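Chains as they are written, first to last, in our numbering: chain A, 104 to 360; chain B, 23 to 816. We put the beta carbon where it would ideally sit given N, CA and C, even for glycine. Remember, predicted model here, so these are calculated numbers, not experimental data. A short write-up of the structure that comes next.
The following block contains the structure:
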């Protein structure tokens, strides 16, 4: 059965003015993300990957085009509506594990749940959900620690837990493994795959073929244009992870990767 | 390359650099003007009295040309030198300003010729007045101010039966009689005009008199000798007492010193915060520079140059702005005394240089940490905000409050040191304001009348001459009876106007007290129509007959007498013996005084002063009715000088209005400080927390939620600061103002009046609202922080 479209981007343009010079970072970008899909965006440095992620997630304004999320054009939303959308429907994971310094790990995780007005649950239930998430991600032991008392891997998992606490429809991840070592990267990607398996869509930006090969689809972006799309899930459905990586590598090499 | 880095830094961190610049500017302005004011005020009274040539004693007598006092002084072995000025005494009833009686005046006014002046009198420009034009009159600054007299006004003086008209030509500062607490004032006229009045009134005993200024070898021996010999002296005032009479000016000066110290403290605390805060912001750059091999010394030098440049420019502007600011504060106390800036510009320059030095020293201290940091640690400290100290004190999961309030509370308790600056600044400003409010309310309180040696009446009438003719009392063989007769007439007139009231009169006599070998010329008070039991005593029991007396603690100490001792009163009709039965305090005469029983008989010769008639209504009316009757009594007696207890006290002490003036300045300064501190600190917090704000926005916080957190932090701090200030308000008022009341004669201390509405509601709310509105408006800048800044701050 065809999955419904969760995110639809039409002719998205983003232009920065730097020193009175126009810099067109995204040029008429169009694509879709289906419910429960895991999509990677790849491309060389400066190609517009992160800008694409920030604009489609409503964190940055678009210059032109449409971003339809759950049948609503988020480019027409005001700041408050966007904030509510980010709080209730979206999750974010950044390359640097940004968390609030004065809170414990658990408090950082449950903070969005305490802030939302959508879900009616007691604080006790929220804490329980936060702890369950931490347990699932293997970081329950550091629940009461300060964020400076835990490792990078634990911190990134805590960020994942935070992004999941309000049960979002989609998670946007900007280089989620960019500052992690190989083992920790694999663990984090494992978690993201598990989350995706449970039905949450993920759109991530990465340079790492290993990371991208775990996705169902890869978009390749160069100079603000999507140059190609590789449907890993369709073409390499039952392939091993190594085969997926190799195939993706071959596809990317066509673009001079 | 250094210059390039600096230029980039100043451009890139423009907000923080501007904040630091403003704080340096304010510090320089506050410190330079405040230090100058403290130095100026510290020994202002001594300087003023010396400059005017005031000698060890001021003696006022009623005798013509001072012939007797001259002989007395010439015969006195303890006199070093003296000069005598001839004066004419008149009362305020005999002075018409533009055709009307003066609103408020001192009991006794001296008219004198400019050529006879025994001390130097100074004009507004602080120049000595040595000439007065014909038909011109110069008036003491306090009288000008109290009666709202302007240059060019017409003044008519009634001497004998003739009015002499003059034009007000200016005001002067009078070191001897210019203090608010001195019950005399001086009018200065031309020699010829004076001679004309004096010649026409040669035989008028009650008009002619003299004032002597005397330098002595030994105060105690001189006082003893002069008190034994001369009975025509109205008042004998030592230079120390004159200095004490400036206590009210000094209250204002003291307030200025407290204001100045608070400003300096706030400036230093905020400056230190800003420098250490901005240096922490530089850690990332410091780390990068260390990583590429720039030496610690060069890195520190770079920041020293930057802060030195900001400090120089800030202090330069602060120095210029500090001069008018200091003058503005000084003006409130300098209208009636000479306040000459001691250090002048030099002090301002030195203070400004000190601010530069402090900035550089703070910078050296804060950058010392650079030596110890590895490049990676420096980068992390600057960029990731990593610490090695637990910060999360309270837990969201365990606190049943709203998330925004929790976040604010958590931020405050996690970085208490950082936020304490706001609480300290707020506490200082509020405490300062409350000290002034408490002082003003205490000085206007009904209860303080008892500490001034008065009985509390419903109303006081100052214009008493219709019933109590001064001349009749002076001539009377039994002054007490004459006063009683006057009071009876007054009660009758009130009854005719349907007001049932009992009247009383506070009579003061200038009599020498003797105990063993100790003498003291004192004001002896006697309530006529009131009972000694109605006054306040701190030890012993009130005098019950005409053989008993109560002494103030200060007089008792001076005489060496105590309760149970027998002392002598050297009255004009001979010596009388009294037993001391009680001790009390009296702030009306700087602590000196005694009180005799109402049945005591006093000869008119000994009567020294006329105070007021007290009215007590027999039907115990409420406040509104008293107010109505006050207006009616004004009509009956054709005078405006009818006062409630608080107003009466203020007419004597006359400082509440000045304190109110200072209150306004302090309020303005406090509000400005709070606006500056809260706006600049909120800006600092936003600049420092841009990434955290971006994270919160990214995870779904609305701008208004984050603004609420920022405002709530200040609200928490203000609540804390208000609680501290309110707890400390009484002890702080006692600590700061108590010594001044003690100097005024409150040997046993006084009861402070705390007006709850003002202290606990109005002022905290005004200041809290000022701060909260400032922070709320500043926090609008949070809206400009983009979620994409999550990847890099400022």
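Delimiting residues of the alpha helix (DSSP H) encompassing residue i
i                      : result
residue 747 of chain B : 725-765
residue 457 of chain B : 438-465
residue 233 of chain A : 226-239
residue 654 of chain B : 645-659
residue 163 of chain B : 163-169
residue 74 of chain B  : 66-74
residue 255 of chain A : 255-267
residue 798 of chain B : 785-800
CA nearest to the CA of residue i, picked from the options
i                      : options                       : result
residue 111 of chain B : B:772, B:320, B:284 and B:180 : B:180
residue 456 of chain B : B:83, B:62, B:792 and B:748   : B:748
residue 167 of chain A : A:190, A:138 and A:128        : A:128
residue 50 of chain B  : B:662, B:287 and B:610        : B:287
residue 532 of chain B : B:39, B:417, B:440 and B:627  : B:627
residue 232 of chain B : B:383, B:131, B:162 and B:775 : B:131
residue 103 of chain B : B:236, B:706 and B:166        : B:236
residue 255 of chain B : B:138, B:142, B:91 and B:761  : B:91
residue 76 of chain B  : B:93, B:195 and B:54          : B:195
residue 306 of chain A : A:121, A:106, A:194 and A:171 : A:194
residue 652 of chain B : B:156, B:521 and B:152        : B:521
residue 270 of chain A : A:116, A:191 and A:152        : A:191
residue 582 of chain B : B:175, B:516, B:349 and B:539 : B:539
residue 105 of chain B : B:238, B:217 and B:221        : B:238
residue 745 of chain B : B:705, B:787, B:724 and B:769 : B:787
residue 183 of chain A : B:722, B:498 and B:480        : B:722
residue 290 of chain B : B:779, B:566, B:176 and B:384 : B:384
Neighbour flag for residue i against chain A, beta carbons, 8 Å
i                      : result
residue 409 of chain B : Here the model assigns residue 409 of chain B a pLDDT of 47, short of 50, so the residue's position is not dependable and the matter cannot be decided.
residue 816 of chain B : Caution applies to residue 816 of chain B, whose pLDDT of 34 falls short of 50 and renders its modelled position unreliable; the value that the coordinates give is listed next. Closer than 8 Å: no.
residue 812 of chain B : yes
residue 436 of chain B : yes
residue 418 of chain B : yes
residue 432 of chain B : yes
residue 389 of chain B : no
residue 425 of chain B : yes
Nearest-angstrom Cβ-Cβ length linking residue i and residue j, presumed shorter than 8 Å
i                      : j                      : result
residue 668 of chain B : residue 466 of chain B : 4 Å
residue 589 of chain B : residue 571 of chain B : 7 Å
residue 703 of chain B : residue 444 of chain B : 6 Å
residue 256 of chain A : residue 278 of chain A : Actually they do not touch by this definition, with Cβ atoms about 15 Å apart.
residue 136 of chain B : residue 116 of chain B : About 21 Å separates the two Cβ atoms, so there is no contact after all.
Cutoff 8 Å: residue i Cβ touching any chain B Cβ
i                      : result
residue 238 of chain A : no
residue 203 of chain A : yes
residue 190 of chain A : yes
residue 226 of chain A : yes
residue 112 of chain A : no
residue 186 of chain A : yes
residue 286 of chain A : no
residue 265 of chain A : yes
residue 353 of chain A : no
residue 122 of chain A : no
residue 183 of chain A : yes
residue 128 of chain A : no
Limits of the beta strand (DSSP E) - the one that residue i falls within
i                      : result
residue 168 of chain A : 167-172
residue 342 of chain A : Element bounds for residue 342 of chain A: n/a, residue is neither H nor E.
residue 604 of chain B : 596-606
residue 526 of chain B : 523-537
residue 209 of chain B : 206-211
Residues within the segment 780-810 of chain B neighbouring chain A, beta-carbon criterion of under 9 Å: Listed by position along the chain: 805, 808, 809 and 810.
What residues in the segment 702-735 of chain B bring their beta carbon closer than 9 Å to a beta carbon of chain A? If the cut-off is 9 Å between Cβ atoms, the segment 702-735 of chain B has 713, 714, 716, 717, 718, 719, 720, 721, 722, 723, 724, 725, 726 and 727 near chain A.
Residues in the segment 205-222 of chain A with C-beta within 8 Å of chain B's C-beta atoms, listed in sequence order? Residues of the segment 205-222 of chain A that bring their beta carbon within less than 8 Å of a beta carbon in chain B comprise 205, 206, 207, 209, 210, 213, 214, 215, 217, 218 and 219, in sequence order.
Output needed in chain order: residues of the segment 141-172 of chain A with a Cβ under 7 Å from some Cβ in chain B. Against chain B - using a Cβ distance shorter than 7 Å - the residues of the segment 141-172 of chain A are 157, 162 and 163.
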